[in-house]
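Shown next, in structure tokens, is the structure this report addresses.
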Amino acid sequence: MNSKELFEESKRLMPGGVNSPVRAFRGVGGNPFFTARAEGCELTTCDGDVLIDMVCSWGPAIFGHNHPAIRQAIRSALDNGTSFGTPSFAELEMARLINEMVPCAQMVRMTNSGTEATMSCVRLMRGFTGRDRIVKFEGCYHGHTDSLLVKAGSGALTFGNPDSAGVPADLAKLTTVLPFNDFEALEDCFSKFGEQIAGVILEPYPANVGLIVPKDGFLKRIRQLCDKYGALLVFDEVITGFRMSKGGAQEYCGIVPDLCALGKIIGGGLPVGAFCGRADIMENVAPLGKVYQAGTLSGNPLAMAAGVAALNLIKQTNPYGELEKKAKFLVSAALEAAEKKGIGLQAPRAASLFSFFFNDEKVENCAQAMNSSRELYAKFFHECLSRGLYLAPSAFEICFISAAHTQEHLEKASEILKKSIEAI
Ligand SMILES: *Cc1c(COP(=O)(O)O)cnc(C)c1O
Numbered sequence: 273m274n275s276k277e278l279f280e281e282s283k284r285l286m287p288g289g290v291n292s293p294v295r296a297f298r299g300v301g302g303n304p305f306f307t308a309r310a311e312g313c314e315l316t317t318c319d320g321d322v323l324i325d326m327v328c329s330w331g332p333a334i335f336g337h338n339h340p341a342i343r344q345a346i347r348s349a350l351d352n353g354t355s356f357g358t359p360s361f362a363e364l365e366m367a368r369l370i371n372e373m374v375p376c377a378q379m380v381r382m383t384n385s386g387t388e389a390t391m392s393c394v395r396l397m398r399g400f401t402g403r404d405r406i407v408k409f410e411g412c413y414h415g416h417t418d419s420l421l422v423k424a425g426s427g428a429l430t431f432g433n434p435d436s437a438g439v440p441a442d443l444a445k446l447t448t449v450l451p452f453n454d455f456e457a458l459e460d461c462f463s464k465f466g467e468q469i470a471g472v473i474l475e476p477y478p479a480n481v482g483l484i485v486p487k488d489g490f491l492k493r494i495r496q497l498c499d500k501y502g503a504l505l506v507f508d509e510v511i512t513g514f515r516m517s518k519g520g521a522q523e524y525c526g527i528v529p530d531l532c533a534l535g536k537i538i539g540g541g542l543p544v545g546a547f548c549g550r551a552d553i554m555e556n557v558a559p560l561g562k563v564y565q566a567g568t569l570s571g572n573p574l575a576m577a578a579g580v581a582a583l584n585l586i587k588q589t590n591p592y593g594e595l596e597k598k599a600k601f602l603v604s605a606a607l608e609a610a611e612k613k614g615i616g617l618q619a620p621r622a623a624s625l626f627s628f629f630f631n632d633e634k635v636e637n638c639a640q641a642m643n644s645s646r647e648l649y650a651k652f653f654h655e656c657l658s659r660g661l662y663l664a665p666s667a668f669e670i671c672f673i674s675a676a677h678t679q680e681h682l683e684k685a686s687e688i689l690k691k692s693i694e695a696i
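One rule links them: number in this note's numbering = place in the sequence shown (from 1) + 272.
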């Protein structure tokens, strides 16, 4: 069956034909392709097309797909069984690596997804401080947990429902949402609610609304206000962790949060998340403390093996300089083509993270991102796809590059970006 036939049948059996909304291509129109195989930086579709992948499984595939060292680690683990339900050595190895690499990580708890990690951070910040109010930022996506699906990014934004149905108003009202990069709104919020705020959760480099780069001093000011009012600072590093640097955004920008949520890269392509932070806070998690959190498959041996292999590859190869160079190369190709064509294109970049906004103005918050042209992005997306380059199927997602993108792939990708901009 080809992708079109597979999708038709999937739509009958799964909402929208998918298990995660943005995969359905509704942000760009058309039918999604089905992937038969992924290797290095290439996807082979069920229709026999080979695509250069700039989505990388939405972040995890920092070494490309099906990396031999990660595959081998999973294979070796498989010989010893797929799930124990008891402590195992691989969990300790993982905890040691996170503790060594992530600045705030004195103690760690593994989960099965990023959503579970942020959800547990919220409960922990409330349990630790005895306060109920939390603060988040417009366009930041923290998974699909109730308290955080308020003015959220990613698929929620793509489909125009950043405030999900099914989130009780009584719960949503405990979440205060601020515009990103707005110092005044931040100060106001703390002077009004400071003593009630359990904590602030944010993506330090918001990457689910396209990419937004924090203004100088913005993250530092949040840190200071949290300290002043006894609120906790939580960085959601599910994307930025192990991607901006080996210690994530907190190492990259030098601001250390109290707690941090991890996911994506940490699973090496298997379903994993984690939250970590100051020991005196983490000691409030069950069974030591009163904040309940658990998981039947948490710390799963196959997932730990894949994740540990990915983190070891990061330690061995320190890929960040190369990744940033690749990102710069593609960004400058696109900007050059846009200038030539006379099209307003913004391509913010930080380390190897970048995104494309068809917008005449600089994009520094969610509202400005929403002013970008979705129509132009959709055209651009399909022009790229038809030439063999797969970008995220939404105007509000970022591009991911991997160590497996070779010079040859990059040159091809750069040509495709240029031709596609020319064609829209
Ligand atoms: C992907 C993502 C999540 C959710 O992780 P899942 O594993 O999809 O539940 C949370 N926060 C951020 C910043 C993300 O990008």
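We put the beta carbon where it would ideally sit given N, CA and C, even for glycine.
Exposure label - residue i; buried when at least 16 CB within 10 Å
i	result
Lys492	exposed
Thr390	buried
Val557	buried
Lys518	buried
Pro440	exposed
Pro287	exposed
Pro304	buried
Pro559	exposed
Thr354	exposed
Pro591	buried
Asn637	buried
Leu583	buried
Beta-carbon proximity of residue i to residue j, cut-off 8 Å
i	j	result
Ile334	Ala581	no
Phe626	Ser644	no
Val394	Ala546	no
Val300	His677	no
Lys613	Glu509	no
Gly471	Leu443	no
Ile469	Val374	no
Ala664	Val327	yes
Lys702	Arg621	Not covered by the structure: residue 702. The range shown for the chain is 273 to 696.
Ile511	Ala479	yes
Leu446	Asp435	no
Ala623	Met516	yes
Ser275	Cys318	yes
Cys313	Gly331	no
Ala566	Leu542	no
Leu396	Val563	yes
Ala503	Thr401	yes
Gly579	Gly520	no
Leu657	Leu602	no
Phe455	Phe409	no
Tyr413	Glu467	no
Nearest residue (CA-CA) to residue i, options the options
i	options	result
Gly535	Cys525, Gly513 and Thr401	Gly513
Ala437	Ser355, Cys548 and Lys423	Lys423
Glu475	Lys445, Cys532, Phe668 and Ala428	Cys532
Ala685	Asn637, Leu364, Ile324 and Arg515	Ile324
Val259	Met326, Ser426, Thr307 and Arg659	In the structure displayed, the chain extends from 273 to 696; residue 259 sits before or after that span and is not available.
Ala577	Ile469, Leu315 and Glu365	Glu365
Phe452	Leu585, Pro434, Ala639 and Leu396	Ala639
Glu345	Gly357, Ala362, Pro332 and Phe490	Rather than Glu, the amino acid found at residue 345 in this sequence is Ala. Closest option to Ala345, Cα to Cα, is Ala362.
Val635	Lys691, Gln565 and Gly482	Gly482
Met382	Met516, Glu523 and Val544	Val544
Ser666	Thr430, Arg284, Asn303 and Phe400	Thr430
Ala641	Asn590, Leu617 and Arg398	Leu617
Thr568	Ile494, Pro359 and Phe297	Pro359
Asn352	Pro332, Glu523 and Asn572	Asn572
Asp321	Arg309, Ser329, Tyr592 and Asp460	Arg309
Ile370	Ser463, Ala566, Cys548 and Lys464	Cys548
His416	Ile494, Glu388 and Phe409	Glu388
Phe652	Ala675, Asn637 and Lys690	Lys690
Ser463	Gly526, Cys498 and Arg659	Cys498
Gly593	Leu648, Ser674 and Asn631	Ser674
Glu459	Gly357, Ile696, Gln496 and Asp404	Gln496
Ile586	Thr307, Met273, His339 and Gly302	His339
Bridge partners - residue i, DSSP secondary structure assignment
i	result
Thr448	Val407
Phe507	Leu474 and Cys532
Phe668	Phe668 pairs with nothing; no bridge assigned.
Ile370	The partner list for Ile370 (beta bridge, DSSP) is empty, contrary to what the question assumes.
His677	His677 is not bridged to any residue.
Tyr662	Asp325
Gln618	Phe629
Ile469	Arg405
Val380	Cys548
Thr317	Thr307
Val557	Val563
His337	Gly312
Interface flag, residue i vs chain B, CB-CB below 8 Å
i	result
Thr317	Of the chains in the structure shown, none is chain B; there is only one protein chain.
Closer than 7 Å: residue i CB and nearest ligand 3 heavy atom
i	result
Asp321	Inclusion of ligand 3 in the displayed structure is not the case, the ligand content consisting of ligand 1 alone.
**Message:** Please output, in chain order, the residues near ligand 1 using a CB cut-off of less than 5 Å to any non-hydrogen atom of the ligand.
**Reply:** Ser385, Gly386, Thr387, His414, Gly415, Glu475, Asp508, Val510, Ile511 and Gly535
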